[in-house]
Each structure stands twice: as structure tokens, then as C-alpha cells.
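This note's numbering puts the sequence shown at residues 127 to 607.
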Amino acid sequence: MEKRNLTLLTDLYELTMMNGYYLEGKTEEIAVFDVFFRRKELITYSLAAGLEQAVDYILGLNFGEEEIAYLRSLNLFDEGFLNYLKNLKFTGDVYSVPEGTMVFPSEPILTVKAPVIEAQLIETAVLNIINHQTLIATKSAKVCRAAKGDNVMEFGLRRAQGPDAGIYGARAAIIGGCNSTSNVLAGKMFSVPVAGTHAHSWVMNFPSELEAFRAYAETYPDAALLLVDTYDTLKSGIPNAIKVFDELKAKGKKPLGIRIDSGDLAYLTKRARKMLDDAGYPDTIICASGDLDEKLVQSLKLQGAQINSWGIGTKLITSEDMPSLGGVYKLAAVEENGKLVPKIKVSDNTEKITNPGFKTIYRIYDEATGKAEADLIALRGEKIDFSKPLTLYHPIERWKKITFENYFVRELPVQIIKDGKLVYEIPELKEIKKYAAEEMDSFWDEYKRLDQPHVYKVDLSDELYALKADMLDKVRRGESL
Numbered sequence: 127m128e129k130r131n132l133t134l135l136t137d138l139y140e141l142t143m144m145n146g147y148y149l150e151g152k153t154e155e156i157a158v159f160d161v162f163f164r165r166k167e168l169i170t171y172s173l174a175a176g177l178e179q180a181v182d183y184i185l186g187l188n189f190g191e192e193e194i195a196y197l198r199s200l201n202l203f204d205e206g207f208l209n210y211l212k213n214l215k216f217t218g219d220v221y222s223v224p225e226g227t228m229v230f231p232s233e234p235i236l237t238v239k240a241p242v243i244e245a246q247l248i249e250t251a252v253l254n255i256i257n258h259q260t261l262i263a264t265k266s267a268k269v270c271r272a273a274k275g276d277n278v279m280e281f282g283l284r285r286a287q288g289p290d291a292g293i294y295g296a297r298a299a300i301i302g303g304c305n306s307t308s309n310v311l312a313g314k315m316f317s318v319p320v321a322g323t324h325a326h327s328w329v330m331n332f333p334s335e336l337e338a339f340r341a342y343a344e345t346y347p348d349a350a351l352l353l354v355d356t357y358d359t360l361k362s363g364i365p366n367a368i369k370v371f372d373e374l375k376a377k378g379k380k381p382l383g384i385r386i387d388s389g390d391l392a393y394l395t396k397r398a399r400k401m402l403d404d405a406g407y408p409d410t411i412i413c414a415s416g417d418l419d420e421k422l423v424q425s426l427k428l429q430g431a432q433i434n435s436w437g438i439g440t441k442l443i444t445s446e447d448m449p450s451l452g453g454v455y456k457l458a459a460v461e462e463n464g465k466l467v468p469k470i471k472v473s474d475n476t477e478k479i480t481n482p483g484f485k486t487i488y489r490i491y492d493e494a495t496g497k498a499e500a501d502l503i504a505l506r507g508e509k510i511d512f513s514k515p516l517t518l519y520h521p522i523e524r525w526k527k528i529t530f531e532n533y534f535v536r537e538l539p540v541q542i543i544k545d546g547k548l549v550y551e552i553p554e555l556k557e558i559k560k561y562a563a564e565e566m567d568s569f570w571d572e573y574k575r576l577d578q579p580h581v582y583k584v585d586l587s588d589e590l591y592a593l594k595a596d597m598l599d600k601v602r603r604g605e606s607l
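Given below as C-alpha cells:
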């Protein structure tokens, strides 16, 4: 795709705040911001995604003459500020969990430490990128988990909310576990397999269904997967497909299978499997599509549907049942006199109270099983002795606790950008997909089930908990932070 300048992909108030910071002489003040999501009923965990595109955006910040002229036309900004923007580049640091990492509510997915004027600018675009891809990667992971190892294809481009949502949604779906996409441009951009056969219109464009199938099989004799539900799946579609399969077999070719896009998929695929097996084609694929999601896939599996390949479109690419991750970008600290001073947002809603300070995340694994057991959000630089038994508490219900004795720890965030320079090697998409699968496997099934999953344990370190409690107490007493 043509390289676009996305610098103005931001909310206006980011720029008005930047103008204010400039006029207040705060252009060099360092600030720390965290990207994280809050707990929702349908999303108790997420697969982090979108880091590569977020990094491209951050490192590509550039106010050209066209951008400056447009901002000047709004009559909102100081001329000195507009001149300042001409040389603005990102000069700060970015830390992030690797793409494909399992993350939980309130955990920093990405942390920015930079001059506040730069950190403020990138808020909107970073949220746009991380929120979208993380949402779709998570939805994809749920669909693929429900499919229990079957082939899953992302078919959502025509229903995505615009070209970018289709392209980067396909990328995120691959991270979540899909094996291919119908989106040819996404296939080219990200070097992932593309998949697809023919539409109902192909069948309708021939005098008969049989002629349509023959024509397709002649065009693609080694990839004949035929859509059999245009007229009558059982009475004409499958019988006609079998006739064409017989003709291919006589030519020494192996037919691929059939696709069913409508009707009672459990009943139809069971009947189809028997018909194909009886005709001598037990190895053919039965692919299902048509407004499927993880719940329908799980239900069809429980009903014994004979499906081994799934085309998932609308409900994946739009995450139909929860169309927004709801990730936020919150100030955690500012630098005063060379020292980072923690900041906190207070709310009557406990979930909306932020965790202050410059933080990291440690994941605790059981030494015997290798399974993830809990996460610990801690202040960077905090001394924690992981050689001793580790006791974690519920962040709110403090009487709930668990002690780990035989465990090992992994720090999740890595530094991505240092002083405005990329210091991290971005993996290829296939490597991210592999890592995401390993991440999913490292968690007990109870945390990943679709209905009422067990709540994964996430605690605050002793220093972070004490800091937060002290800051809230000061707010209660009306003292300055």
C-alpha cells in the first residue's frame, strides 16, 4: 500500500494539549503512560496484537508542510508551536509485551516514557491500532480454540469496517490462530496463506449446477472444493459434486472436498460425510461457513457435525458480540527534578482507579507443569526476592491469597524503542502466530473456556500496593499529590 503520513491520525484535544504544554514550557517534561484494558464480561483475557503497526506509526511521526498548513487553518494553535512541530520526532522509550502475549485486565500492554508533548500526541493512534488488533486476535483465538485443531480460515474482508480493518483484522486473526485469509492484499503484505474457492454466483452463471462444478474442476483440478448449497445440498449439490469427483478420480486427480454455507450445518454435514464416504471419498474436506463464531463452532462440535475446515467471516472480523476492547492510555508518572513522581486517576468505580508509577509485569509459572499460575504487576526497580516462597493476594479482597514455592518467573515487557530508536527485532507474522499458540498452551483450560472462565490471578507487588493505598489515602484526606 502507498505509505501514508498518519501523524494527524489523532484526536484534536491531543494537539490542543500539546499546544498548551508548549506554551507552559513543558516540552522537555518526561511522562509515563500505560496502555491497558479493563475487565468486561466477554473479555477476561486478550492476545496482545498490533505492536508492529504501532511502532511504524510512532517512528514515522512527521509534520510536513501540508500538515502544518492544515493546523494553521484551524486558527487554534500558537505560531511558535506550529514551527516547533516542523522538527518534532519521537525521542522517547517504548516498552511492550511481545505480540501474541496473553494479557489480563489492568496489565500494561504497552508503556510509553517520553517527553509529555510526544507521549500525548501518540495516544489516539496507538489505542486505535492496539485496541483493534488485540480485539480481533482474541476473538480469533477463541474461534480456533472452539475448532479444536481444525483448519480455520479468516473470511471477513467484505464485512469489515473499511479496508484497514479488513487488512489488519486479517493480520490479527492469523496471530489468534487462523491458518489463512481470503484477503489477497493481506496475504501479500504479511506473507500468509490465502484461501478461497468459488461463490454461489459461479454456480448460478452456468446452465446447471453440474456444469458449473465441472468447469471449476477443469480450472482447478488439484483444488476442487465445491460449494454445494446453491440449490439443494443433499438432493443435487453433493450428488453433483460426487459425479465431478468421480471424473477427477478417473483422470488421476484427487478432489479436495465441499463447502456448505447455509442450512442446518450439523445435520447436513453428517449426511454429507456419509454420502462422500459411501462414494469412496472419506478423506475429502467438509468446509462450513455462514455467520459462524466460537459459540456456534463449539455447539456444532458438540452436536457431532462432520466439519474439519471452517470459514469464519463477519463475526470474527467485527468481533460482533463485543466490538470494542475498551483499551485506555493513562498517565502513570511524570518527571520532577530528575525523579519520576507517580500519578493516579481516582474514580468511584474501583475498576477505573489506575495503578500509579512506572511498572512492569512478572508472570509466575509452576515449575512442575510449566503452566502460568498468576501475574504480578510491580514497580520497575522494585527488589523482589523470587528465590523465596511468593505470596500473592487478591488486589481488592485481601483475605484471598496463594503462596507459590516451586515456581519460575518471566518478565513480560521488553524494550521496543530507546531514545527514539528501534532496539527490538520485530518477528515475522508466522513467528508471532507460533508464539501466541505457545502462550495459549501455557494456560490451564479453565482460564480459556468460553462460558464463565476462571479468573486468572493478577496481584500488585507490595511496594505498588502500598504506593496506591497511600495515594488514595491522601486523596481521601484532601492532600496534594
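We treat Cβ as the ideally placed atom computed from N, Cα and C, and that holds for glycine. For clarity, every value in this text was computed on a predicted model and none was experimentally measured.
(1) Tell me Ala240's beta-bridge partners as DSSP assigns them.
(2) Only counting the same chain, and skipping five residues up and downstream in sequence, which positions put a Cβ closer than 8 Å to that of Phe316?
(3) Report, in whole angstroms, the separation of the C-beta atoms of Val540 and Ser222, which I expect to be a contact under 8 Å.
(4) Do you know offhand how far Ala174's Cα is from Gly453's?
(5) For the putative contact between Pro381 and Thr410, defined by C-beta atoms under 8 Å, what is the C-beta separation to the nearest angstrom?
(6) In three-state terms, what does DSSP make of Asp219?
(7) Would you please state the rounded distance, in angstroms, between the beta carbons of Leu505 and Glu589? I believe it to be under 8 Å.
(8) Could you have a look at Ile364 and say whether DSSP puts it in helix, strand or coil?
(9) CB-CB under 6 Å to Val370, same chain, minus the five flanking residues each way: which ones, in chain order?
(10) Near Ile88, what residues of its chain come up, given a Cβ to Cβ distance below 6 Å and the 5 sequence neighbours on each side ignored?
(11) According to DSSP, what are the bridge partners of Ile543?
(12) Between the region 242–252 and the region 213–230, can you find at least three pairs of beta-carbon atoms closer than 8 Å?
(13) Count the other C-beta atoms from every protein chain shown that fall within 10 angstroms of the C-beta of Asp585, then say buried if there are 16 or more, exposed otherwise.
(14) So does the region 184–199 actually touch the region 269–280, counting three or more Cβ pairs closer than 8 Å?
(15) Taking buried to mean at least 16 other C-beta atoms within 10 Å of its own C-beta, is Ile487 buried or exposed?
(16) Suppose only complete runs of 4+ residues qualify. What are the alpha helix (DSSP H) ranges in the region 133–194, listed by chain order?
(17) One question on the structure: do Arg385 and Thr323 come within less than 8 Å of each other, judged by their Cβ atoms?
(18) Looking at the structure shown, is Met228 part of a helix, part of a strand, or coil, going by DSSP?
(19) In this structure, does DSSP put Met127 in helix, strand or coil?
(20) For Trp436, count neighbouring C-beta atoms within 10 Å of its own C-beta (all shown protein chains included) and say buried if the count is 16 or more, exposed if not.
(21) Any idea if Arg536 is buried or exposed, counting beta-carbon neighbours within 10 angstroms, 16 or more meaning buried?
(22) With C-beta atoms as the reference, is Glu608 less than 8 Å away from Thr359?
(23) Please tell me whether Ile262 and Gln179 are closer than 8 Å, where the distance is taken between their beta carbons.
So, from the data block:
(1) Walking along the sequence shown from the start, residue 240 turns up at place 114. Looking at the DSSP assignment, Ala240 forms a beta bridge with Ala157.
(2) As a working note, residue 316 is residue 190 in the sequence shown. Cβ neighbours of Phe316 beyond the five flanking positions: Ala296, Arg297, Ile300, Leu555.
(3) Locating residue 540 in the sequence shown gives position 414, counting from the first residue. Locating residue 222 in the sequence shown gives position 96, counting from the first residue. With 8 Å as the limit, Val540 and Ser222 qualify as a contact, their Cβ atoms being about 7 Å apart.
(4) Walking along the sequence shown from the start, residue 174 turns up at place 48. Walking along the sequence shown from the start, residue 453 turns up at place 327. Their Cα atoms are separated by approximately 11 Å.
(5) Mapped onto the sequence shown, residue 381 falls at position 255. Mapped onto the sequence shown, residue 410 falls at position 284. In this structure Pro381 touches Thr410 by the C-beta definition: roughly 6 Å separates them, less than 8 Å.
(6) Sequence index remark: in the sequence shown, residue 219 carries index 93 (1-based). DSSP places Asp219 in strand when its eight states are reduced to three.
(7) Translated into positions along the sequence shown, residue 505 becomes position 379. Translated into positions along the sequence shown, residue 589 becomes position 463. Rounded, the Cβ-Cβ distance is 5 Å, consistent with contact.
(8) Stepping through the sequence shown from its first residue, residue 364 is reached at position 238. DSSP, reduced to helix, strand and coil, places Ile364 within a helical segment of the structure shown.
(9) Translated into the one-based positions of the sequence shown, residue 370 becomes position 244. Answer for Val370: Phe339, Arg340, Ala343, listed in chain order.
(10) Coverage of the chain is limited to positions 127 through 607, which leaves residue 88 absent and any answer about it impossible.
(11) Working through the sequence shown from its first residue, we reach residue 543 at position 417. Val220, Leu548.
(12) The region 213–230 is in contact with the region 242–252.
(13) Reading the sequence shown from its first residue, position 459 is the one you call residue 585. When all chains shown are included, Asp585 counts as buried.
(14) No, because fewer than three Cβ pairs between the region 184–199 and the region 269–280 fall closer than 8 Å, the two stretches do not touch.
(15) As a working note, residue 487 is residue 361 in the sequence shown. Ile487 should be labelled buried.
(16) Whole alpha helix (DSSP H) segments, 4+ residues: 138–149, 177–185.
(17) As a first step, residue 385 must be located in the sequence shown, where it is residue number 259. As a first step, residue 323 must be located in the sequence shown, where it is residue number 197. It is a contact, given that the beta carbons lie within the stated cut-off.
(18) Position 102 of the sequence shown holds residue 228. When secondary structure is reduced to three states using DSSP, Met228 falls in the strand class.
(19) Mapped onto the sequence shown, residue 127 falls at position 1. Bear in mind that a pLDDT of 49 at Met127, under 50, signals an unreliable position, so the model cannot answer this.
(20) As a first step, residue 436 is located in the sequence shown; it is residue number 310 there, counting from the start. Counting C-beta atoms within 10 angstroms of its own C-beta, Trp436 has 16 or more neighbours from the protein chains shown and is therefore classed as buried.
(21) Locating residue 536 in the sequence shown gives position 410, where the first residue counts as 1. Result: exposed.
(22) Summary: the structure shown does not reach residue 608, with the chain confined to residues 127 through 607, and so no result is reported for it.
(23) Sequence index remark: in the sequence shown, residue 262 carries index 136 (1-based). Sequence index remark: in the sequence shown, residue 179 carries index 53 (1-based). For Ile262 and Gln179, no; Cβs fall outside 8 Å.
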